[in-house]
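Residue numbers (UniProt numbering): 1 to 416.
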């Protein structure tokens with residue numbers, strides 16, 4: 001049976017609900033959508049700074065080897081407070097609203113505490129309440145319930161994932177993600193004054209930008225939206241809204257014309273590690289990257305040189321704060337005689353800069369333009385990797401901002 005009213009999901013992050021004044025502002029914004037005839041599902045984060053405070057308390061109370069189930073019980077409580085407060089304010093505004101914790105919906109998840117994944121969101125509870133007159137369901141984001149009946153959390157940024165999952169489950173018209181920025185930009189406006197807000201961006205482009213350090217949306221939420229074709233809109237909770245506000249993240253087919261390159265992304269604090277003269281044999285890559293994975297090292301770009309005399313060099317990039325962990329993992333593997341190399345060199349002073357765009361599929365010469373622009377600025381490229389819609393390079397960190405500005409200019413991203 002189709003719902004009587006259109007459904008809309010609205011998600012508000014920690015800065016948007018940081019205090020009661022901001023919660024009242026959120027309630028006003030929700031009221032506008034209710035007045036348009038929507039049944040609204042609001043997903044809220046904990047008030048700004050609260051989750052970090054709760055995590056700190058868990059560490060003090062339980063130590064480094066604390067019970068992960070109790071960790072989830074504690075850190076999920078921040079969202080419960082926000083959901084209750086927003087429901088109270090909405091009720092005082094004459095709107096029929098109630099708060100929902102993850103277990104009450106229920107949001108069914110896996111048992112992986114602190115990094116659970118949503119498996120199912122039954123709609124019966126909400127459908128009954130909406131049919132009975134409820135106008136707004138305020139959901140505590142970031143949390144669910146395991147098959148064992150324990151509270152789980154979805155990992156940092158999990159409220160974005162909660163919101164998209166609800167939009168998919170309830171076939172919402174759209175999922176609006178309210179944050180402290182007014183949309184998705186061609187690059188970070190703090191690095192390039194020419195950065196332009198995009199009206200629309202394809203899921204694939206947003207996924208690449210999110211994974212490359214653009215902090216606007218959590219990667220998992222974009223993956224989920226792409227899989228279930230949920231239209232996402234990123235907009236500011238601090239600015240007056242119009243129907244065309246923010247950036248719509250949508251299917252490639254919903255974008256009439258797009259630039260070849262949609263944006264320039266960067267990760268400032270990267271490192272480059274090279275194993276010099278590795279014995280080249282079948283399985284050597286697995287012998288190197290297996291121990292790195294077990295040590296929790298996030299390897300990104302990988303380049304292997306052509307082997308000479310049975311030996312080769314292996315280079316990869318990783319976050320700079322994981323260098324010691326990586327060095328320990330590969331030296332331990334060598335001690336166990338799983339791999340053999342002559343030297344290990346770590347360069348902790350590099351950044352990754354990437355250009356992203358679905359237009360690359362059908363346009364030749366993007367790499368040539370990118371490399372020429374960097375060359376013109378005297379910027380040396382240390383590592384290059386490409387995919388169908390992305391080209392990434394590692395460069396010296398001191399040139400990162402110059403590289404971003406040069407690439408933004410050469411691809412004329414300030415122009416719509």
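Ideal placement from N, C-alpha and C gives every residue a C-beta, glycine not left out.
C-beta atoms of residue 345 and residue 278 nearer than 8 Å: Taking the first residue of the chain shown as position 1, residue 345 is located at position 345. Taking the first residue of the chain shown as position 1, residue 278 is located at position 278. No, the Cβ-Cβ distance between residue 345 and residue 278 is not below 8 Å.
Residue 188 in three-state terms, based on DSSP: Stepping through the chain shown from its first residue, residue 188 is reached at position 188. Here residue 188 sits in coil by DSSP.
Closest Cα partner of residue 45 within the set 25, 73, 403 and 15: Here residue 45 refers to the residue found at position 45 of the chain shown. The option with the nearest alpha carbon to residue 45 is 15.
Residues of its chain near residue 181, where Cβ-Cβ distance is below 7 Å and the 5 sequence neighbours each way are ignored: As a first step, residue 181 is located in the chain shown; it is residue number 181 there, counting from the start. Excluding positions up to five away in sequence, the list reads 216 and 236.
Other residues of its chain near residue 1: CB distance less than 6 Å, five sequence neighbours each side excluded: Locating residue 1 in the chain shown gives position 1, where the first residue counts as 1. In this prediction, residue 1 has a pLDDT of 39, which is less than 50 and means its spatial position is unreliable; nothing more can be read from the coordinates.
Length of the line joining the Cα atoms of residue 231 and residue 32: The residue labelled residue 231 in the question sits at position 231 within the chain shown. The residue labelled residue 32 in the question sits at position 32 within the chain shown. Whole-angstrom Cα-Cα distance: 20 Å.
Which of helix, strand or coil DSSP assigns to residue 120: Counted from its first residue, the chain shown places residue 120 at position 120. Strand, per DSSP.
Which of helix, strand or coil DSSP assigns to residue 280: By one-based count along the chain shown, residue 280 stands at place 280. In this structure, residue 280 counts as coil in the three-state DSSP scheme.
Burial state of residue 291 (16 or more Cβ within 10 Å): The residue labelled residue 291 in the question sits at position 291 within the chain shown. Per the 10 Å Cβ criterion, buried.
Residue 354 - DSSP class collapsed to helix/strand/coil: Along the chain shown, read from residue 1 onward, the residue named residue 354 stands at position 354. Residue state, collapsed to three classes: strand.
Alpha-carbon to alpha-carbon, residue 261 and residue 249: What you label residue 249 is simply residue 249 of the chain shown in a count that begins at 1. What you label residue 261 is simply residue 261 of the chain shown in a count that begins at 1. Looking at the two C-alpha atoms, the distance is approximately 16 Å.
Sub-8 Å separation of residue 43 and residue 162 beta-carbons: As a working mapping, residue 43 is identified with position 43 in the chain shown. As a working mapping, residue 162 is identified with position 162 in the chain shown. Cβ atoms of residue 43 and residue 162: closer than 8 Å.
Residue ranges of each alpha helix (DSSP H) within the stretch 161–232, 4 or longer: 203–211 and 219–228
Every unbroken alpha helix (DSSP H) within the UniProt domain "ACT" (273–355), with a cutoff of 4 residues, ordered by chain: 284–294 and 323–335
Run of the alpha helix (DSSP H) containing residue 57, from where it starts to where it stops: As a first step, residue 57 is located in the chain shown; it is residue number 57 there, counting from the start. Element bounds for residue 57: 50–62.
Contact between the stretch 215–229 and the stretch 148–165 (3+ Cβ pairs under 8 Å): yes
Residue 391 vs residue 354 beta-carbon contact at 8 Å: What you label residue 391 is simply residue 391 of the chain shown in a count that begins at 1. What you label residue 354 is simply residue 354 of the chain shown in a count that begins at 1. Contact flag set, yes.
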